[in-house]
Amino acid sequence: MLFLRTLAPRVRVLSRANANTRLASTASTISQSSSLNAAFLAKSAAVSLVAGVGLAAIVPDNAFDALLPKGAEAFDLIENGAHAPAMDWDHKAWNKTFDHDAIRRGYQVYREVCAACHSMRLVSWRNLIGVSHTDAEVKAMAAEYEYQDGPDDKGEMFMRPGKPSDRLPAPYANEEAARAANGGALPPDLSCIVKARHGEEDYIFNLLLGYTEPPAGLEIREGLHFNRYFPGGAISMARALYDEVVDYEDGTPNNASQLAKDVTTFLTWASYPEHDQRKLMGFKAIAISALLFGISIWYKRFKWAPIKTRQIVYKAPKVREV
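The sequence shown maps to residues 739 to 1060 in our numbering.
This is the structure we're talking about:
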C-alpha cells in the first residue's frame, strides 16, 4: 500500500505531461493545416485573377452577342427611346401616400385633355369616391353622361344617366372608330398605363413633356411627332399639355410641368389604387410583428433564465481506503 501511494503522484505527473504533449501536437497540426489552407486560398485567388485578366484580353467583346435577344445589338436612344430620368415623387417614400389633391387635379386634366382620345375602361366612377371626390360630386359627374342600358319591358335598349357603378366613358365606340379618327393609330387605354410601361410614372411624365425638334439627319413623316422618350422617336400623339391649357379649381399654377405631374399622379393611382392601403397594412404588420417579437424575447428569457443561470456541482464520492 505504501508503494502504491508513492507511485500515484508520479503517475499523475506523467499523465499531465502526456496530455500537454498531445495538446501541443494537436495545436501544431491545426496551425499547419490553417497555413496550408491560407496558402491554397491565396494561390487559387492569384490563378483566378490571372485567368480572368487573360480571358478578358483574349475574348472579343461581341463573343456573346449570339446569346442576347434579337434586337439587343441595335439598342440605341432613337430605336428604344431615351431613358427617363427619375423624378422625386412624394408617394415613392416608404411612409408617404398619394397626394390626393394632385389626383383630383390630374382627373381634371384627363377629363379636359386626355379623355378626347384615351379611355379608362377599368376605372369606375365610384373608384373616385373618397380618393379625389365626394359621393355627391361623383354622382353629379356620372349623371352628365348617358349610358345604354336594357332591355326594358318591351325588349328595347334605352339610354339612361350614368351611375357611380358605371365605367368612365370611352371616347370611341370601338377600336375601328378610334383608329379611323387617329390616322390608323390606336390610342392606348390609360387604366394601367403606368404599370404597363418601363419607367412607370417617370416615363409618362417625361413623355408628356419630351416633344422637341428631331435631330439633324432624322426625318419624321407627316402625321408623326418627335419625342426622344418614345421608342423609335416618332409618336402619333401630338403634344397636348401647354401652359394654362387647363384652369385648376383650387388656383394651383397651371404650367405644363404641373399639368404633367398631376395627370401622371392620377394615372399612377389608377394603376395602383391599393397603394395607400398596402402601405397602411404594412405599417400595421410591422407594428404587430415588433410587438410579438418583443413578447417572444421576454418569454424566452422567462423560460430559460432559471435553466441558464443554475449551477450544477459535482461531488465525487469518497473512496474508502483499504
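Beta carbons are placed, not taken as given, at the ideal position from N, Cα and C, and that holds for glycine.
What you are looking at is a predicted structure, and each value in this text was computed from that prediction instead of being measured.
Cut-off 7 Å between Cβ atoms - residues of its own chain near residue i, not counting five sequence neighbours on either side
i           : result
residue 864 : 876, 902, 903
residue 848 : 1001, 1004
residue 924 : 913, 916, 917
residue 990 : 843, 996
Beta bridge counterpart(s) of residue i as assigned by DSSP
i           : result
residue 862 : 905
residue 886 : 897
residue 856 : Paired residues: none, contrary to the question.
Beta-carbon gap between residue i and residue j smaller than 9 Å
i            : j            : result
residue 827  : residue 1047 : no
residue 1001 : residue 979  : yes
residue 1008 : residue 861  : yes
residue 907  : residue 881  : no
residue 1025 : residue 937  : no
residue 829  : residue 837  : yes
Local Cβ density within 10 Å of residue i, reported as buried at 16 or more and exposed below that
i           : result
residue 732 : Lying before the first or after the last residue shown, residue 732 is absent from the chain, which here runs from 739 to 1060.
residue 708 : A query on residue 708 cannot be resolved here, the shown segment of the chain reaching from 739 to 1060 and no further.
residue 856 : buried
residue 883 : exposed
residue 921 : exposed
residue 859 : exposed
residue 950 : exposed
residue 833 : exposed
residue 997 : buried
Proximal residues to residue i (C-beta, below 8 Å), its chain only, five neighbours per side dropped
i            : result
residue 952  : 958, 964, 971
residue 895  : 886, 887, 888, 889
residue 867  : 873, 876, 902
residue 981  : 992, 993, 994
residue 1056 : none
residue 831  : none
residue 910  : 857, 916, 919
residue 808  : Residue placement at residue 808 is flagged as unreliable, the pLDDT there being 49, under the threshold of 50; a coordinate-derived value is accordingly withheld.
Whole-angstrom distance between residue j and residue i, CA atom to CA atom
i            : j            : result
residue 1015 : residue 824  : 24 Å
residue 919  : residue 869  : 33 Å
residue 985  : residue 878  : 20 Å
residue 962  : residue 929  : 24 Å
residue 786  : residue 941  : 42 Å
residue 1033 : residue 1012 : 31 Å
residue 966  : residue 974  : 13 Å
residue 987  : residue 1037 : 58 Å
residue 813  : residue 968  : For residue 813, the predicted model reports a pLDDT of 43, less than 50, meaning its position is unreliable; a value from the coordinates is still stated below. Roughly 13 Å between the two C-alpha positions.
residue 976  : residue 892  : 46 Å
residue 897  : residue 854  : 21 Å
residue 945  : residue 843  : 19 Å
residue 841  : residue 1029 : 35 Å
residue 956  : residue 999  : 30 Å
residue 939  : residue 905  : 23 Å
residue 819  : residue 948  : 11 Å
Close Cβ partners of residue i (< 6 Å) along its chain, the five nearest in sequence each way excluded
i           : result
residue 933 : 1009
Cutoff 9 Å: residue i Cβ touching any chain B Cβ
i           : result
residue 870 : Any reference to chain B falls outside this structure, which holds one protein chain only.
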